[in-house]
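Asks: Residue numbers (the numbering used here): 148 to 286.
For each residue, glycine too, the CB sits at the ideal point set by N, CA and C.
Sharing a structure with you now.
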């Protein structure tokens with residue numbers, strides 16, 4: 148039974164990863180092109196297939212930044228719990244929520260810049276090499 152739980156978790160993580168790839172450009176497409184949710188998903192998939200093939204590269208990961216922020220919050224809590232657990236929990240909560248909020252906003256800006264790069268539009272302060280290096284190019 149414990150193996151079924153692990154297999155289920157593995158399958159769920161695969162489905163989650165596929166969904167993340169499929170919906171990578173949904174927000175900028177919905178905003179810039181004013182498409183429906185399903186139209187945005189279809190267009191996102193089309194862009195991923197046309198520009199970068201099936202696989203994403205891991206050159207830029209907001210997940211690592213989130214993990215570091217969460218670990219910092221947990222570490223602060225553990226250090227402060229012996230002094231004052233309430234203060235430790237509040238400070239840890241602020242660090243974790245702040246990290247999650249900032250990384251979510253940064254990822255949204257980054258995805259919009261990549262979308263603009265794909266469509267040969269102005270990418271602001273992002274360099275083309277940085278945006279192009281975010282994915283593994285199809286051969």
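Could you give the first and the last residue of the continuous alpha helix (DSSP H) run that contains residue 187?
Replies: 184–194
Asks: Decide if residue 172 is buried, meaning its Cβ has at least 16 other Cβ atoms within 10 Å, or exposed.
Replies: buried
Asks: Secondary structure at residue 271, three-state DSSP: helix, strand or coil?
Replies: coil
Asks: Looking only at its chain, what residues have a beta carbon closer than 7 Å to the beta carbon of residue 174, apart from the 5 residues adjacent to it on each side?
Replies: 255, 258
Asks: Going by beta carbon distance, what residues of the same chain come within less than 6 Å of residue 157, once the five residues before and after it are set aside?
Replies: none
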